[in-house]
Structure formats: C-alpha cells, structure tokens
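Just so it is clear: in the sequence shown, position 46 is 50 by the working numbering, and no numbers are missing. Glycine included, C-beta positions come from ideal geometry on N, C-alpha and C. Take a look at the structure set out below.
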Amino acid sequence: MRGAGILFALALPLAAGAEELVIEPPAEGSVSREAGLAAWERINEVVSHPRCANCHVGPDNLPMWSGPSYGETRPHGMNIDGGESRVGAEYVPCQACHAFSETGGNMGAHEAPQVADAWHLAPVEMQWFGKSSVEICRQLR
C-alpha cells in the first residue's frame with residue numbers, strides 16, 4: 005500500500021492544473037510483469053533524478069549536489085548539514101535559499117526546487133541517493 009501512496013504523491017503535480025483527478029488502481033493481478041516494470045522505470049526516473057535524490061540522503065544529513073550542471077558529485081556547498089532536524093544548517097534553514105518563486109523557478113530540469121514552507125531533507129527511511137533501482141523499489145513496496 006505504501007507504493008500506492010508514493011504513486012499518488014508523484015501524481016499530485018498533475019492535479020494542480022486539473023479540476024479533478026481520479027486515479028483508479030488496476031485490479032490486483034491485471035497488470036503484466038512487463039507493464040509493471042515499465043511503470044516502475046517511469047517512477048524510478050523521477051525518484052533517482054538528482055533534483056529528488058539530492059535531498060533524499062542517509063543518516064549523515066548531508067544534501068548532495070549532483071547532476072549535469074554540477075559536474076562532480078559532492079556534498080552541498082557552503083558546508084550545509086541538515087542536522088538532527090534535517091531542516092538545514094543551524095540558523096540557515098533550507099528555505100533560506102530554496103524559497104518559493106512565482107517566476108518559473110521550478111522550470112529548470114537541474115535546478116533546485118523552489119518551495120514555500122517547511123522545506124527539509126526527506127526522512128532517512130526515504131533515502132534514495134546512491135541506491136539502485138532495485139533497492140528503491142524494495143523500499144517503496
């Protein structure tokens with residue numbers, strides 16, 4: 005069931021522009037293995053993309069910089085450590101830089117997301133950075 009919740013969360017951006025979005029899960033056993041794997045590949049493209057995975061890090065609480073615009077993969081610049089709370093460096097919460105923007109700040113494929121409130125690293129249980137497709141799939145089941 006947790007996987008269905010993840011699928012719902014990934015579909016939320018689609019709902020923002022729609023009047024009503026109804027997602028009916030397929031009947032159990034009605035999806036072929038091939039169709040299921042193809043669906044997983046689409047999901048994995050999102051969760052493993054640097055824009056998501058860079059903040060889905062482990063217990064070291066260090067957000068990462070990776071992806072085409074960063075060159076070498078490395079910890080977030082400016083010595084950012086999410087700390088125990090995972091909300092950012094002491095006195096500098098994530099949203100100090102990752103602030104909501106009405107000017108298209110979310111449009112760049114390799115830019116950090118622009119958000120409004122309570123931006124923070126994902127819970128350790130949702131670590132995706134550095135994990136394989138198989139590991140993430142098992143985690144979300």
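Endpoints, alpha helix (DSSP H) assigned at residue i
i: Leu-41; result: 37-51
i: Ile-140; result: 137-144
i: Cys-56; result: 54-57
Candidates the options, of which the one nearest residue i by Cα
i: Asn-65; options: Gly-40, Glu-23 and Gly-92; result: Gly-92
i: Arg-78; options: Gln-99, Pro-67, Glu-45 and Glu-129; result: Pro-67
i: Ser-73; options: Arg-55, His-60 and Asn-48; result: Arg-55
i: Asn-58; options: Ala-122, Val-96 and Asp-85; result: Asp-85
i: Val-61; options: Arg-90, Gly-71 and His-102; result: Arg-90
i: Pro-127; options: Arg-142, Pro-29, Leu-41 and Gly-87; result: Gly-87
i: Gln-131; options: His-53, Glu-32 and Gln-99; result: His-53
i: Gln-143; options: Asn-83, Gln-99 and Trp-44; result: Trp-44
i: Glu-31; options: Gly-40, Ile-140, Leu-25 and Cys-98; result: For the sequence presented, residue 31 should be read as Ala rather than Glu. Taking only the C-alpha atoms, the option nearest Ala-31 is Gly-40.
i: Ser-136; options: Ala-122, Glu-49, Met-82 and His-80; result: Glu-49
i: Phe-133; options: Pro-63, Glu-23 and Glu-38; result: Pro-63
Residue burial classification, residue i (beta-carbon count within 10 angstroms, cutoff 16)
i: Ala-19; result: The predicted model places Ala-19 with a pLDDT of 48, which falls under 50 and marks its position as unreliable, so this point remains unresolved.
i: Ile-27; result: exposed
i: Leu-125; result: buried
i: Ser-70; result: buried
i: Val-138; result: exposed
i: Val-96; result: exposed
i: Val-51; result: buried
Identity of the residues DSSP links to residue i by a beta bridge
i: Arg-78; result: Trp-69
i: Ala-93; result: Val-96
Assumed close pair residue i, residue j - CB separation to whole angstroms, cut-off 8 Å
i: Trp-123; j: Cys-98; result: 4 Å
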